[in-house]
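Chemist: The opening residue of the sequence shown carries number 585 in the numbering used here; numbering runs sequentially from there.
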Amino acid sequence: MNRRRGVEVFEVVSRSPRLGYARRSAVDANMIPWPDEKIYNNAIWDIRRHSMDAELWRYTRIENHHQEVLDSYSAADGERAVVTAVTSNGNWYALTTRRLVGVSYDGAFDIPAHLMTDCTFGDNAKGYGNVELSIATITQPGNGSVAFEFETGKAWMAPEYYVSWWIRKFPILDLFKFDPASS
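#1: Within 10 Å of its beta-carbon, does Gly691 have 16 or more other beta-carbons around it, so buried, or fewer, so exposed?
#2: In the DSSP output, what is Phe732 paired with across the bridge?
#3: Determine, using beta-carbon pairs with one atom in the region 627-639 and one in the region 703-723, whether at least three such pairs fall under 8 angstroms.
#4: Buried or exposed, going by whether 16 or more other CB atoms sit within 10 Å of the CB of Gly726?
#5: Can you have a look at Ser766 and say buried or exposed, based on whether 16 or more other CB atoms are within 10 angstroms of its CB?
#6: On the criterion of 16 or more Cβ atoms from any shown chain inside 10 Å, does Ser658 qualify as buried, or is it exposed?
#7: Go ahead and pull the three-state DSSP assignment for Arg677.
Here's what the structure looks like:
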């Protein structure tokens, strides 16, 4: 944040055509300790608020996570899974309080969540015509993009709002309550 003639001016950190501008805040990607619990509480609250029929999702989970996914990556101290999915042919992902990690057709990926700038959820995220799976593409500056398979239909809301939360709300994390569900 800069001040010019008494007016606050925020430096634009990212520009997403769908999600608008993000501003830099007091939240620093290198902060210690990393606020895993606050991130989890706020991200899962936002995802649940927008999701429907989570118990009917076939591949995606926002609780009772796939144990094989949790065992497939090394979580840092305090890091928590927010969304997990096991889709097809060995493809899986975990969206955590720090990163996106998984295996897709292109191989393994591990992306710091705070570096995402945009995500496109295929042509048919809503699952019209009984399409169960589609491909999402995540963009990160300087490192190109990564594609992963996701469940369409109502389950699409979990990865969609996870990505949306990181792009729109992580930059202003310091403004949020520790646990929004408690109010």
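No residue lacks a Cβ here, since even glycine has one placed at the ideal position from N, Cα and C.
On a predicted model such as this, the values are computed, not experimentally measured, just so you know.
Modeler: Let me lay it out:
#1: exposed
#2: Ala720
#3: The region 627-639 vs the region 703-723: no contact.
#4: exposed
#5: exposed
#6: exposed
#7: Here the sequence assigns Tyr to residue 677, which means Arg is not the residue at that position. Strand, per DSSP.
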